[in-house]
Amino acid sequence: MELLPQVNCGACGFPGCAGFTNGILEGKVNTLGLCKPGSRGEGLVDLREYLKNNPGPDGVAIDLPVK
Ligand code: SF4
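Here this note's numbering is used: the first residue of the sequence shown is 1, the next is one more, and so on.
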């Protein structure tokens, strides 16, 4: 997902930003704050808003904290 930093550092515990994106969509992520590079700017706030306004694969909007 292009709203993530694209650093692919793995700090979130997933294999790169694509893995983190899959984890979000699969319900395996409880906070966007796992992305430490993203926590430094406003990127996670934008991602949070995007997820809230664009339902996931099951048709339910995803609302995750950024902290
Ligand atoms: S911590 Fe953030 S930048 Fe690093 S791999 Fe995970 S989603 Fe990508």
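Positions of the beta carbon are idealized from the N, C-alpha and C atoms, including for glycine. None of the values given here were measured: they were computed from a predicted structure.
Measure the C-alpha to C-alpha separation of K67 and D58 and round it to an integer number of angstroms.
For the purposes of this step, residue 67 is taken as the residue at position 67 of the sequence shown. For the purposes of this step, residue 58 is taken as the residue at position 58 of the sequence shown. If you take the alpha carbons of K67 and D58, they lie about 25 Å apart.
CA-CA distance, L32 and R48?
As a working note, residue 32 is residue 32 in the sequence shown. As a working note, residue 48 is residue 48 in the sequence shown. C-alpha separation (whole angstroms): 8 Å.
Should G16 be listed as close to the ligand SF4, given that the test is whether its C-beta is under 7 Å from any heavy atom?
As a first step, residue 16 is located in the sequence shown; it is residue number 16 there, counting from the start. True, at least one ligand heavy atom lies under 7 Å from that Cβ.
For C9, which residues of its own chain have a beta-carbon under 7 Å away from its beta-carbon, when the five flanking residues on both sides are left out?
Here residue 9 corresponds to residue number 9 of the sequence shown, with the count starting at 1. Correct list, in chain order: P37.
Note down, in chain order, each residue of its chain lying with its Cβ closer than 8 Å to the Cβ of L25, except the 5 sequence neighbours on either side.
Position 25 of the sequence shown, counted from the first residue, corresponds to residue 25. Excluding sequence neighbours, L25 sits near G56, P57 and I62.
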